[in-house]
Structures are given as structure tokens and as C-alpha cells.
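For the sequence shown, this note's numbering gives the first residue as 9, with consecutive numbering after it. For each residue, glycine too, the CB sits at the ideal point set by N, CA and C. In this text, all values refer to a predicted model and were calculated from it rather than measured experimentally. Contents: one structure, followed by commentary.
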Amino acid sequence: MATKTIARPRTPVSPAGSAHQDPANLLENTLAQLEALLWVCHGEDIDWCSGEGPRQLDNLLWLAAELARKAGELFQASEKARCGALEDGHRR
9 MATKTIARPR
19 TPVSPAGSAH
29 QDPANLLENT
39 LAQLEALLWV
49 CHGEDIDWCS
59 GEGPRQLDNL
69 LWLAAELARK
79 AGELFQASEK
89 ARCGALEDGH
99 RR
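Following this line, the structure appears as C-alpha cells:
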């Protein structure tokens with residue numbers, strides 16, 4: 009049986025790039041990340057150097073990078089909203 013191929017970039021996609029991706033590709037990417045996360049949660053006898061290990065580790069690092077990017081975007085949006093609220097408070 010052939011192994012499935014995940015049609016995804018080797019590095020996280022920029023926010024601008026992800027907006028133009030096909031929803032099926034985005035779903036497949038998310039499922040690959042979730043599979044890697046669940047795979048690691050099992051935790052027993054994981055060989056990170058061969059078999060599925062390197063691919064799953066790659067997906068975990070990809071997931072971590074994507075979460076860090078999203079957290080940065082949320083922080084920027086939060087700061088913008090906070091600064092806007094402070095400015096509105098000074099205007100009154």
C-alpha cells in the first residue's frame with residue numbers, strides 16, 4: 009500500500025499565502041499537524057530518527073511555528089485594540 013503524500017510546504021505558509029490556498033489543502037495541512045500532535049501524545053517507543061518519526065517531528069515543528077505566528081498576530085491585534093481604547097479614554 010502506498011503512503012499518502014501531504015501536499016504542503018516544508019515551512020509555514022505566510023498569512024498572505026494561506027489566504028489563497030484551497031480549503032482542501034488547508035484541511036489536509038491541519039489534519040497532518042493534528043496527527044503529529046496525537047502521535048506524540050502516545051509517546052511510547054517513538055523513534056524520531058526513522059520510520060514516521062522524522063515526518064511527525066517536522067509536522068510538530070511546523071505546528072509550533074504556525075501557532076507562534078498566530079500568537080504574534082493576536083498580540084499585535086490586542087495591542088492595537090488596547091491603544092485604541094486608551095486613546096478613546098483620553099478623548100472623553
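I need the straight-line Cα distance from residue i to residue j, nearest angstrom please.
i	j	result
GLU52	ASP96	54 Å
GLU122	ASN33	No statement about residue 122 is possible, as the shown extent of the chain runs from 9 to 100 and does not include it.
ALA10	GLN64	Confidence is the limiting factor: at ALA10 the pLDDT is only 43, short of 50, which leaves the residue's position unreliable, though a coordinate-based value still follows. One C-alpha to the other measures close to 18 Å.
TRP62	GLY92	Sequence inspection shows Pro at residue 62; the Trp mentioned does not correspond to that position. Their Cα atoms are separated by approximately 45 Å.
GLY69	LEU94	Residue identity differs from the one stated: residue 69 is Leu in this sequence, not Gly. Approximately 37 Å between the Cα atoms of the pair.
According to DSSP, is residue i part of a helix, a strand, or is it coil?
i	result
TRP56	coil
PHE83	helix
LYS66	A small fix is needed here, since residue 66 is Asp in this sequence, not Lys. ASP66: helix per DSSP, three-state reduction.
GLN41	helix
GLY61	helix
Do residue j and residue i count as a contact pair if the criterion is CB distance below 8 Å?
i	j	result
LEU3	LEU45	The question about residue 3 has no answer here: the residues shown for the chain are numbered 9 through 100.
Below 8 Å on the Cβ atoms is my guess for residue i versus residue j; work out the distance and round it to an integer in Å.
i	j	result
ASN67	GLN29	Actually they are not in contact, since the Cβ atoms of ASN67 and GLN29 sit about 17 Å apart, beyond 8 Å.
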